[in-house]
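Residue numbers (our numbering): 69 to 369. Worksheet: the structure to be examined is printed underneath.
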Amino acid sequence: AELKKHDCNSGRIEIVHSTQVVNMSDKAWSAVRRKKDSSISRAVDVVKRGDADAVVSAGHTGAAVAASMIKLRTLPGIDRPGIAAILPTETNVFVLIDAGANIDARAEHLLQYAFMGSVYSRHVLHYKNPTVGLISLGEEDVKGNELTKQVFQMLKRSSLNFVGNIEGRHLFEDPVEVVVCDGFVGNVILKTCESIAVAIFKWLKHELMRSTKRKIGAYLAKNAFLEIKDKTNYEEYGGSPLLGVNGICIIAHGASTPLAVKNAIRVAAESIEQQVNPHIVEEIRRYHETTASLEPAAALG
69 AELKKHDCNS
79 GRIEIVHSTQ
89 VVNMSDKAWS
99 AVRRKKDSSI
109 SRAVDVVKRG
119 DADAVVSAGH
129 TGAAVAASMI
139 KLRTLPGIDR
149 PGIAAILPTE
159 TNVFVLIDAG
169 ANIDARAEHL
179 LQYAFMGSVY
189 SRHVLHYKNP
199 TVGLISLGEE
209 DVKGNELTKQ
219 VFQMLKRSSL
229 NFVGNIEGRH
239 LFEDPVEVVV
249 CDGFVGNVIL
259 KTCESIAVAI
269 FKWLKHELMR
279 STKRKIGAYL
289 AKNAFLEIKD
299 KTNYEEYGGS
309 PLLGVNGICI
319 IAHGASTPLA
329 VKNAIRVAAE
339 SIEQQVNPHI
349 VEEIRRYHET
359 TASLEPAAAL
369 G
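Right, dumping it as structure tokens:
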């Protein structure tokens with residue numbers, strides 16, 4: 069009945085009925101296990117059966133991650149998936165991974181995030197040789213906690229184009245194409261950026277409306293303001309891929325508009341067309357082969 073209200077080709081759309089809902093207050097893993105007929109569980113089931121190529125969810129992020137891990141499992145060589153958020157810089161965009169899938173990450177998880185983010189950056193965003201940076205308290209390798217110090221050394225020894233630690237204050241100055249962090253830090257960064265963007269536009273609007281002279285100036289600069297607004301608008305980016313699961317899962321914003329959902333579907337299609345998952349598997353396989361070949365030499369030394 070709802071489809072009849074819109075001008076769409078219903079022959080391309082199949083409705084899969086579900087009787088349960090994962091509420092935002094539900095604990096992700098237990099909800100997915102208990103509510104097997106929830107919309108997110110049924111959606112991931114459809115992908116698992118091969119009846120769909122991707123799942124796009126604007127609901128409970130934790131449930132989408134849990135359902136994907138339980139039903140689709142992770143790719144070979146990947147321990148934990150990571151959410152790859154796309155954020156703008158002055159001249160381009162960068163990948164922030166992990167943006168909230170795994171808040172208790174180990175060093176090897178962050179190394180895997182770096183490889184996955186690099187693959188996505190290269191094949192979907194079309195950066196030739198993506199630079200990788202690690203979020204830390206300072207640029208020196210001795211800065212940070214034990215986790216970041218350990219990850220720094222692992223990234224330094226890898227084949228990735230690792231440029232070192234990145235401080236939060238440099239994130240939007242085009243320092244790197246891939247920014248690596250654990251899910252706790254990444255989610256705080258992501259949500260802080262969202263709130264700052266909204267706050268700045270509110271403050272700016274308030275100040276510009278305070279006098280006729282300012283209103284005239286605002287009108288003359290209207291196009292510049294609109295361009296900045298588009299650059300910071302989550303709707304334009306659609307959704308964030310959950311990299312590392314054996315299928316395509318896109319995490320969309322909980323307040324997604326029709327435009328945001330459309331762009332989230334576009335992100336899913338790009339991930340499929342560019343064969344992101346096969347490239348991740350190959351990249352991880354090469355890393356393990358290289359590491360294994362170096363171990364005997366290290367032992368001999």
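Idealized CB from N, CA, C, for every residue including glycine.
Around the beta carbon of Phe240, a 10 Å sphere encloses fewer than 16 other beta carbons of the protein chains shown; the residue is thus reported as exposed. Taking a contact to require three or more Cβ pairs closer than 8 Å, the segment 325 to 338 and the segment 139 to 151 do not qualify as touching. Nearest C-alpha to Glu82 among Thr359, Thr358, Ala120, Ile264: Ala120. Judged by pairs of C-beta atoms under 8 Å, the segment 119 to 135 touches the segment 335 to 349, as three or more such pairs exist.
A check of alpha carbon separations from Val329 across Trp97, Val200, Val163, Ala126 identifies Ala126 as the nearest.
Secondary structure note for Ala152: its beta strand (DSSP E) is the uninterrupted segment 150 to 156.
Assigned with DSSP and collapsed to three states, Pro326 falls in helix. Going by beta carbons, Gly251 and Ala153 fall outside the 8 Å limit. DSSP, reduced to helix, strand and coil, places Leu164 within a strand of the structure shown.
For Cys317, the three-state secondary structure derived from DSSP is strand. Short of 6 Å from the beta carbon of Asn233, and not among the five residues preceding or following it, lie these beta carbons of its own chain, in chain order: Leu202, Ser204, Glu207. The segment 218 to 225 and the segment 171 to 191 touch, with no fewer than 3 CB-CB distances between them shorter than 8 Å. When DSSP assignments are scanned along the segment 164 to 231, the uninterrupted stretches of alpha helix (DSSP H) that are 4 or more residues long and fall wholly within it turn out to be 175 to 191, 214 to 225. Counting only the Cα atoms, Thr300 lies some 20 Å from Glu275. Listed as beta-bridge partners of Gln88 by DSSP are Ser106.
Listed in chain order, the non-local C-beta contacts of Thr129 below 7 Å within the same chain comprise Gly168, Ile319, local neighbours out to five positions each way being set aside.
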